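Reading through the structure tokens given below for one structure.
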Amino acid sequence: SQDGVLVYSDCSAPHPGQSNMLEASNRRLESPPMPNNERTDPAIEARLARRFERQGIEESSAHSQADAIKDTPAHKRRFSTKPLVFESRFESGNLRSAVQSGDYEYKLMMREDVCSSACGGSVPNCTQWFYFQVKGVKQGMKYDFSIINMIKTESLYSHGLRPLLFSKKEEASTGKGWHRVGEEISYHTSEKKFVKGGQLHSFQTLRFIIVFPHDDDECYIASCYPYTYTDVQKHLYRLSTDNARAAHFQSSTLCHTMAGNICDIVTICNCLRNAEELRKRPAIVLTARVHPGETGASYMMHGVLEYLTGLAYYAQILRDTHVIYVVPMLNPDGVILGNYRCNLSGQDLNRQYMEPSKDMHPEIFHLKRLLSELASQNRLQLFCDLHGHSSKKGVFLYSCDEALLALPQQFARRSAFFSLQNCTFKVSKQKQCTGRAVVYNEFNCPNSFTCEASFLGADVGGGSQCVHFNGQHLKNVGAQLCESIFEFLLPDKFQDIGAPHGWN
10 SQDGVLVYSD CSAPHPGQSN MLEASNRRLE SPPMPNNERT DPAIEARLAR
60 RFERQGIEES SAHSQADAIK DTPAHKRRFS TKPLVFESRF ESGNLRSAVQ
110 SGDYEYKLMM REDVCSSACG GSVPNCTQWF YFQVKGVKQG MKYDFSIINM
160 IKTESLYSHG LRPLLFSKKE EASTGKGWHR VGEEISYHTS EKKFVKGGQL
210 HSFQTLRFII VFPHDDDECY IASCYPYTYT DVQKHLYRLS TDNARAAHFQ
260 SSTLCHTMAG NICDIVTICN CLRNAEELRK RPAIVLTARV HPGETGASYM
310 MHGVLEYLTG LAYYAQILRD THVIYVVPML NPDGVILGNY RCNLSGQDLN
360 RQYMEPSKDM HPEIFHLKRL LSELASQNRL QLFCDLHGHS SKKGVFLYSC
410 DEALLALPQQ FARRSAFFSL QNCTFKVSKQ KQCTGRAVVY NEFNCPNSFT
460 CEASFLGADV GGGSQCVHFN GQHLKNVGAQ LCESIFEFLL PDKFQDIGAP
510 HGWN
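Sequential numbering from 10 applies to the sequence shown in our numbering.
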């Protein structure tokens, strides 16, 4: 390359038309750093190993192409430093290539979502999520990274958003896990182009400088706090083996994905053993991670599950009066691959609710069948799909009816992060195929919502300060959403007992 030396290329990345795209991606399940630095229970590891073995997913060796090319004559001629060793072939990882353009400068490209025009309705050039490993760093040096194929023209990186770093040595010595880093962050138009809708568009470049805290460290860099398919499995296993929660918690299989992964559905209520009573209850349906790169949705859903299965007063009443169905990860294949928006068919699953295909969109097909059944029995009382947002701050709701102001107002009273001004109460033409719109229009359920949480955070103190969200913030938001839903659906039973109390 005239711009530098290629030091990493993810040759295992799948391409349109491959028959078994998940195996072709050669992803290792479970990348090393865990959310909130949780230590893994050996029993959970054994269960996951058996489950993934049954699904035919094999672990690959974590070698980088940099091992073979870092000492080439071209590299020795051009730079005085050895290149960093990059790797992204692990669960949810995303980095297509790295080019060293200076002693401490790198130009990076993310891998685009797996897209296949033969499937129809594909989303081209979905590049927003990045997550990769670097080794061989030098302490105190300023490493300059430029990701040159960002897709969004507007980004929160222009308003204070910073990347995330996980340092294995830092975590071992201080307990500090994922944290925000980055100096001289800029987001600007790239020279690289792409074609969309028959027109030529420019990618954007995200540039940031990182000073690593330790020599020869193993570090991970990500756009948002990672939350993988493995993390979901571990959380569900922990809830199912907690005797206090298991009495009103049941995890089962909604369907199998295109790649054969299990898409889980959780049922929560206080009458799990009474099938006749269960069939009479009004239902609440909550979903998350239809878009793989919106990891904040999983942290909110983590908080939802903790709250609804816990000892909180309102949670107990909801379990007594309703049955709650939760799909914590609607797009497992996309999450495992490290996609930003699509599934293996190259399609945005949140645009397939009108006519989902059992083969191409099995998760949406089976979820819609459940929603249809509940609606036909006049039991579907509320639907809410959890997302992350790349250009707005705060937490906010989208609904389909301007009359539905109560739930946002109730949410705003509980959360300092909630933004009423960012809420929307209508459905644009391009959103008619989304879960929120189809549940509202086709199933005649007015209480159909999308809950969005910013990739960045929220302005607090009258806008004088911006708080970067972390995992705990978003889990608390999930609990606050549950209490707001309680007040919205059961106003006669509501008592103002303050903010959500310990939802563990």
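No residue lacks a Cβ here, since even glycine has one placed at the ideal position from N, Cα and C. Predicted, not measured: the structure shown is a model, and the values here were computed from it.
Simplified DSSP state of residue i, which is helix, strand or coil
i	result
Ser260	strand
Val313	helix
Phe426	coil
Ile345	helix
Asn158	strand
Thr266	coil
Gln489	helix
Asn479	coil
Phe88	coil
Gln441	coil
Asn456	coil
His370	coil
Tyr113	coil
Asp153	strand
Leu245	helix
Ser463	strand
Lys144	strand
Arg288	coil
Buried/exposed call for residue i, threshold 16 Cβ in 10 Å
i	result
His7	The question about residue 7 has no answer here: the residues shown for the chain are numbered 10 through 513.
Gln208	exposed
Leu320	exposed
Met30	Residue placement at Met30 is poorly supported in this model, since its pLDDT is 42, which falls under 50; the coordinates still yield a value, given next. Buried, because 16 or more other Cβ atoms sit within 10 Å of the Cβ of Met30.
Ala415	exposed
Ser195	exposed
Ser307	buried
Asn387	exposed
Glu461	buried
Glu364	exposed
Own chain, CB closer than 6 Å to residue i, minus 5 neighbours either side, in chain order
i	result
Tyr316	Ala324, Ala488, Cys491, Trp512
Asp329	Asn279
Glu411	Phe434
Separation of residue j from residue i, as counted between CA atoms
i	j	result
His188	Cys393	29 Å
Thr443	His257	30 Å
Lys401	Asp501	34 Å
Phe495	Asn453	21 Å
Phe426	Pro172	20 Å
Asp251	Glu285	26 Å
Asn359	Leu93	38 Å
Glu382	Val448	12 Å
Glu227	Phe141	11 Å
Gly13	Tyr115	9 Å
Ser249	Met309	19 Å
Leu263	Ile230	33 Å
Asp368	His375	11 Å
Pro44	Cys233	Low local confidence applies: a pLDDT of 46 at Pro44 is under 50, so the model's placement there is unreliable, and no value is given.
Ala181	His331	44 Å
Tyr17	Arg422	49 Å
Leu117	Ile277	44 Å
Gln356	Asn103	18 Å
Contacts around residue i, its chain only, beta-carbon distance under 7 Å, and the 5 residues preceding and following it disregarded
i	result
Ser399	Gln137, Lys161, Ser164, Leu165, Phe464
Phe497	Ala415, Leu416, Gln419
Val344	Ser101, Thr237, Tyr238, Arg298, Pro301, Met338
Lys201	Ile157, Asn158, Phe212
Tyr362	Ile373, Lys377, Cys442, Thr443, Gly444, Val447
Thr81	Only weak support exists for where Thr81 lies, its pLDDT of 48 falling under 50; the value from the coordinates is given anyway. Correct list: empty, nothing qualifies.
Ser255	At residue 255 the sequence reads Ala, which differs from the Ser that was named. Closer than 7 Å at Cβ, skipping near neighbours: Ser249.
Minimum C-alpha distance to residue i - residue among the options
i	options	result
Leu174	Ala181, Gly186, His168, Gln386	Gly186
Arg288	Leu248, Tyr236, Tyr334, Ile271	Tyr334
Gly403	Leu383, Gln386, Arg423, Leu429	Leu429
Ile218	Ser366, Arg247, Asp153	Asp153
Leu346	Ser89, Lys91, Ser97	Ser97
Gly111	Glu121, Phe99, Met119, Thr90	Thr90
Lys377	Glu451, Arg350, Cys409	Glu451
Phe88	Phe99, Ala107, Tyr113, Arg282	Tyr113
Glu192	Arg105, Leu215, Phe95	Leu215
Cys135	Val108, Leu245, Glu303	Glu303
Ile373	Gly169, Gly269, Thr296	Thr296
Leu395	Ser366, Ser457, Leu413, Val436	Ser457
Val108	Thr266, Lys151, Ser155	Ser155
Gly269	Val220, Ala292, Val313, Leu353	Leu353
Val336	Gln259, Asp357, Gln390	Gln259
Asp240	Pro341, Lys151, Tyr349	Pro341
Gly397	His370, Arg254, Arg350, His168	Arg350
Chain-order list of residues whose beta-carbon lies under 8 Å from that of residue i (same chain, five-residue window excluded)
i	result
Pro222	Gln148, Ser176, Lys178, Glu179
Gly206	none
Asp224	Val146, Lys147, Gln148
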